[in-house]
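Here's the structure, in structure tokens; my notes come after.
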Amino acid sequence: MLNVWGAGLALMLGAGVAAAAPETPIDTKHLTASPSVAAAEAGGRVTLALEVSPKPAMHVYAPPQQEYIPISLTLQPDPAIKAGVPQFPRPEKIRIEAIDETQSVYSQRFRILQTVTLAPAALGRARAAGGLTVKGTLRYQACDDTICYLPVTVPVVWTVALTPAGRIAP
Numbered sequence: 049m050l051n052v053w054g055a056g057l058a059l060m061l062g063a064g065v066a067a068a069a070p071e072t073p074i075d076t077k078h079l080t081a082s083p084s085v086a087a088a089e090a091g092g093r094v095t096l097a098l099e100v101s102p103k104p105a106m107h108v109y110a111p112p113q114q115e116y117i118p119i120s121l122t123l124q125p126d127p128a129i130k131a132g133v134p135q136f137p138r139p140e141k142i143r144i145e146a147i148d149e150t151q152s153v154y155s156q157r158f159r160i161l162q163t164v165t166l167a168p169a170a171l172g173r174a175r176a177a178g179g180l181t182v183k184g185t186l187r188y189q190a191c192d193d194t195i196c197y198l199p200v201t202v203p204v205v206w207t208v209a210l211t212p213a214g215r216i217a218p
């Protein structure tokens, strides 16, 4: 069974302050990943982060790799949020002699950033409910020096806890 990830965020509406509790990393055969909050802004805008660390001798393909399946983060459609385009760091180029190709990959720790804007109508409902859940999926194809593994899709969940403007979260 696939693990579900969670990350807590106290978003200070109007103050733009965030606090996040550390989360237990997800551990797959190919990588370890941890969701967290990178930044929060006034007006219900938050940047969700996903720290990804490929295991030793592993790499995942980077966007916009064409020949293989690049890593991707996709948020589920939700009228309460408007998702921006995920931001990926610059990939490294590696030469794979066995197939005589140069590929764009991540073989070291990297961070995917996803900005989300909360719809004004959703802010009141989310505050009354104690938070807003943002769901998505991480998809990737990993390879080591000799084998490319089947693609993997892992669910991702962030719980965004909202506090009234001007209140300081613990």
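Offset between the sequence shown (1-based) and this note's numbering: plus 48. Ideal Cβ placement from N, Cα and C applies to all residues, glycine included. Since we're looking at a predicted model, the values are computed, not measured.
How about residue i: is its Cβ closer than 6 Å to a heavy atom in the ligand SAM?
i	result
arginine 187	As presented, the structure is devoid of all ligands, the ligand SAM included, so that no description of it is given.
Please look up how many angstroms separate the CB atoms of residue i and residue j, rounded, as I've assumed it's under 8 Å.
i	j	result
arginine 187	isoleucine 119	7 Å
arginine 159	alanine 97	6 Å
tryptophan 124	serine 152	The question names tryptophan, but residue 124 in the sequence shown is glutamine. Going by Cβ atoms, the distance from glutamine 124 to serine 152 rounds to 27 Å, so no, they are not a contact pair.
So, helix, strand or coil for residue i, using DSSP?
i	result
proline 83	strand
glutamate 145	helix
proline 203	strand
alanine 170	helix
isoleucine 160	strand
isoleucine 74	strand
serine 152	strand
threonine 165	strand
Note down the Cα distance separating residue i from residue j, rounded to an integer number of angstroms.
i	j	result
alanine 69	glutamate 145	Reliability of the predicted coordinates at alanine 69 is poor, the pLDDT of 42 falling under 50, and no value is obtained from them.
arginine 93	threonine 194	43 Å
glycine 181	valine 100	Before going on, a small fix: residue 181 reads as threonine here, not glycine. Distance between the alpha carbons of threonine 181 and valine 100 is about 21 Å.
threonine 165	tyrosine 197	35 Å
Looking at the secondary structure, which residues open and close the beta strand (DSSP E) in which residue i lies?
i	result
valine 182	180-188
threonine 122	120-123
I'd like to know whether the C-beta of residue i is nearer than 7 Å to at least one C-beta of chain D.
i	result
proline 134	In the displayed structure, chain D is absent; only one protein chain is listed.
Every unbroken beta strand (DSSP E) inside the region 94-137 [3 residues or more]: Secondary structure in the region 94-137: the beta strand (DSSP E) runs of 3 residues or longer, each lying completely within the stretch, are 107-109, 120-123, 129-131 in chain order.
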